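In our numbering, the protein residues as written are 19 to 174. This report concerns only the one structure given below.
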Amino acid sequence: CRYVGTDLLCYRAAAPAALAARQAATWDPLLGWAARRFGLALAVTKGVMPLPRSSDNDETVRKILENIDPITLTGIAEVTAAAGSLVIGLALWDGWIDAAQAWAASTVDETFQAERWGRDEEAQAMLAARQASLAAGARLTALASEGPPLAKRRHP
């Protein structure tokens, strides 16, 4: 999964301090959950330089995802893409957070910037589209969990 090495939650702002603190307060609990729940040890950095890939994390994620039915996996993929975070997608699927919490966690930066500088119409339109994608993925994941046994079967 390409999001393992580029998860939003791993890339933090160096400044301003208020944004860095908000990121830590929101994202550290999610990373802690992923470590406890799945054994994922995701490194955190300040800035945008890529972190080294961990083959252990790659293998752990592969094992998690290969045991999820295709319909649920589609929902998780939609949430992950909209959020920019596999951790958020997995946390939502596992019931650790809900769709509103997933959205709030995935938009810490955008919310901070809008509070600081004001809202931009174009940015708001893009955010609305992302939010709709995340909500659709969350709904699909929930429906797949409630679905008939056939939807739960892993197809070869």
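Note that CB positions come from ideal geometry on N, CA and C, so glycine has one too. Quick caveat: nothing in here was measured; it's all calculated off a predicted structure.
Indicate whether Arg-55 and Phe-130 have their beta-carbon atoms separated by less than 8 Å. no
Around the Cβ of Asp-138, are there at least 16 other Cβ atoms within 10 angstroms (buried) or fewer (exposed)? exposed
Residues in the same chain with beta-carbon distance under 7 Å from Gln-149, minus the five sequence neighbours each way, listed in chain order, please. Trp-121
Is it buried or exposed, Leu-37, if we count other Cβ atoms within 10 angstroms and call 16 or more buried? Burial of Leu-37 is indicated by the presence of at least 16 other C-beta atoms within 10 angstroms of its C-beta.
Segments assigned alpha helix (DSSP H), at least 4 residues, entirely inside the segment 66 to 93: 73 to 84
Distance, Gly-136 Cα to Ala-143 Cα: 14 Å
Tell me whether Leu-73 is buried or exposed, calling it buried when 16 or more other Cβ atoms sit within 10 Å of its Cβ. It is Ser, not Leu, that sits at residue 73 in the sequence shown. Ser-73 is exposed by the Cβ-count criterion.
The ligand SAM heavy atom lying under 7 Å from the CB of Gln-131: By its list of ligands, the structure shown contains no ligand whatsoever, and the ligand SAM lies outside what it can speak to.
DSSP three-state label for Thr-125, please. coil
Inspect the beta-carbon positions of Thr-159 and Ile-94 and report whether they are closer than 8 Å. Contact: yes.
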